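To start, the structure itself, in structure tokens.
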Amino acid sequence: MKRKKILTLILVLAIMLAGCSQAGANLEAADAEPMVFEAGDENFAIKTYINKLEFDEGEEIKLHSTIEYIGQNESIAIWSGEPYFHHLIHDGDKYINSDIVLGILKETVLKKGEVYTIPFSKSGGFTREDPDAEFWEKYFSEKELRLPTGDYTFTAVTDFCLDMDQEEKVTLRTEFKVKVK
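Under our numbering, the residues of the sequence shown are numbered 2 to 182, in order.
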């Protein structure tokens with residue numbers, strides 16, 4: 002009789018522990034869902050994904066965007082410098098990540114329904130005489146995006162035209178605030 006009670010107690014504890022571990026896994030999965038910011042027009046849909054909007058100083062910020070051609074044709078040619086999509090970060094005073102463009106005219110064909118991923122990449126520059134040279138050297142030496150304490154505006158923006166003469170410009174943007182504490 003005592004043996005049955007002990008086995009029943011062990012079984013109940015095992016079921017409770019299994020339930021708790023699944024609930025924890027569900028919470029972790031919910032935390033892993035990125036925030037999504039969207040913009041678009043009749044031809045293009047862009048989305049920007051970020052793992053969250055509030056970070057601790059030194060914590061990695063994961064960011065990328067996508068673009069999809071949703072127009073009426075099977076594909077579309079866009080004309081731009083390189084790259085045709087930028088991730089800008091502004092701290093209220095200066096750009097931490099800017100939109101440096103290689104000034105060559107390049108044609109890129111986007112196929113309808115195909116989602117193109119644009120990973121975040123650091124862009125900008127500095128000189129040794131810059132008062133913030135130490136910050137910039139560290140910023141550009143790390144592959145991951147990590148920012149010091151502050152409030153930032155993140156902007157993801159297209160930078161291309163629909164014609165070779167660059168008269169039909171397409172500017173779509175997502176913008177959101179990020180806090181690093």
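Even for Gly, the Cβ is constructed at its ideal location relative to N, Cα and C. Note that the structure is predicted; figures quoted are calculated from it, not measured.
Minimum Cβ-Cβ distance from residue i to chain D less than 7 Å
i, result
"residue 145", "The structure shown contains no chain D, having only a single protein chain."
Nearest residue (CA-CA) to residue i, options the options
i, options, result
"residue 44", "62, 73, 153", "73"
"residue 35", "95, 51, 152", "51"
"residue 166", "78, 132, 88", "78"
"residue 99", "33, 49, 125, 174", "125"
"residue 89", "157, 175, 169", "157"
"residue 84", "101, 95, 94", "101"
"residue 48", "144, 176, 105", "176"
"residue 106", "65, 60, 160, 134", "160"
"residue 103", "93, 87, 143", "87"
Helix, strand or coil at residue i according to DSSP, with G and I counted as helix
i, result
"residue 136", "helix"
"residue 29", "Unreliable positioning characterises residue 29 in this predicted model, as indicated by a pLDDT of 47, which lies under 50. A coordinate reading is not provided."
"residue 142", "helix"
"residue 71", "coil"
"residue 120", "strand"
"residue 150", "coil"
"residue 127", "coil"
"residue 64", "strand"
"residue 170", "strand"
"residue 58", "coil"
"residue 163", "coil"
"residue 50", "strand"
"residue 114", "coil"
"residue 182", "coil"
"residue 34", "coil"
"residue 43", "coil"
Distance CB(residue i)-CB(residue j) smaller than 7 Å
i, j, result
"residue 1", "residue 155", "Absent from the structure is residue 1, since the part of the chain shown begins at 2 and ends at 182."
"residue 1", "residue 76", "Shown here, the chain extends from 2 to 182; a query on residue 1 therefore has no answer."
"residue 181", "residue 56", "yes"
"residue 40", "residue 163", "no"
"residue 123", "residue 136", "no"
Any non-hydrogen atom of the ligand GDP within 6 Å of residue i CB
i, result
"residue 168", "Absence of the ligand GDP from the depicted structure is noted, as is the absence of any ligand whatsoever, leaving it without description."
Task: Segments assigned beta strand (DSSP E), at least 3 residues, entirely inside the region 79 to 107 - done: 86 to 91, 96 to 98
- [ ] Kindly confirm or deny that the region 133 to 153 and the region 103 to 119 touch, where touching means at least three C-beta pairs closer than 8 Å.
- [x] no
- [ ] Check whether the region 122 to 135 touches the region 61 to 76, taking contact to mean three or more Cβ pairs, one atom from each stretch, closer than 8 Å.
- [x] no
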